[in-house]
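The sequence shown runs 15 to 136 under our numbering.
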Amino acid sequence: MPVTGPDFISLQTRDLDASQAFYEHYLGLVRAQSGPPHAVVFETTPIAFALRDAVPGTDLDATPQPGIGAAIWLHATGVQAIHDALVADGHTIVSAPVDGPFGRTFTFADPDGYHVTLHDRA
Numbered sequence: 015m016p017v018t019g020p021d022f023i024s025l026q027t028r029d030l031d032a033s034q035a036f037y038e039h040y041l042g043l044v045r046a047q048s049g050p051p052h053a054v055v056f057e058t059t060p061i062a063f064a065l066r067d068a069v070p071g072t073d074l075d076a077t078p079q080p081g082i083g084a085a086i087w088l089h090a091t092g093v094q095a096i097h098d099a100l101v102a103d104g105h106t107i108v109s110a111p112v113d114g115p116f117g118r119t120f121t122f123a124d125p126d127g128y129h130v131t132l133h134d135r136a
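Below, the structure written as structure tokens:
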């Protein structure tokens with residue numbers, strides 16, 4: 015049987031509560047009712063997005079950018095407003111907003127240094 019496609023994305027965090035607060039406050043994500051105690055699963059579609067405590071033996075401080083080489087893109091509405099709120103609060107913008115084939119697009123660094131791109135065209 016062939017693989018049908020991505021089904022779940024999870025990022026390891028240094029501080030699960032702080033990362034949850036960041037994603038809820040700036041991206042408007044809502045925590046799902048289900049999920050294990052060491053993780054926060056958000057109500058996202060079509061692919062589940064989650065944050066979790068770092069797996070034992072994982073040292074997120076050993077690298078300046080966890081997840082390097084992987085592209086994390088999330089669809090959003092209000093991309094420019096999200097960008098502006100992140101800038102106003104001093105968060106790192108990796109690439110400024112541009113209009114392109116995926117709509118309004120920009121990339122930010124989350125509290126753990128993951129680079130996350132937001133775009134507004136589905």
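Ideal placement from N, C-alpha and C gives every residue a C-beta, glycine not left out. The structure displayed is predicted, hence computed values, not measured ones.
Nearest candidate by alpha-carbon position, reference residue i, set the options
i: residue 30; options: 122, 74, 107; result: 74
i: residue 27; options: 96, 41, 80; result: 80
i: residue 62; options: 15, 111, 19; result: 19
i: residue 113; options: 97, 43, 133, 16; result: 133
i: residue 87; options: 71, 41, 70, 72; result: 41
i: residue 59; options: 85, 84, 90; result: 90
i: residue 85; options: 131, 127, 92; result: 131
Nonlocal neighbours in the same chain, by C-beta distance under 7 Å from residue i, ignoring five residues either side
i: residue 108; result: 121, 122, 123, 129
i: residue 54; result: 30, 34, 45, 64, 65
Buried or exposed by the 16-neighbour rule on C-beta atoms within 10 Å, applied to residue i
i: residue 135; result: exposed
i: residue 78; result: exposed
i: residue 82; result: exposed
i: residue 39; result: exposed
i: residue 22; result: exposed
Spatial neighbours of residue i in its chain, beta-carbon cut-off 8 Å, leaving aside the 5 residues before and after
i: residue 68; result: 26, 27, 28, 74
i: residue 76; result: none
Pair within 7 Å by beta-carbon distance, residue i and residue j
i: residue 118; j: residue 94; result: yes
i: residue 125; j: residue 36; result: yes
i: residue 111; j: residue 97; result: yes
Take every Cβ of the stretch 45-62, pair it with every Cβ of the stretch 94-114, and state whether three or more of those distances are shorter than 8 Å. no
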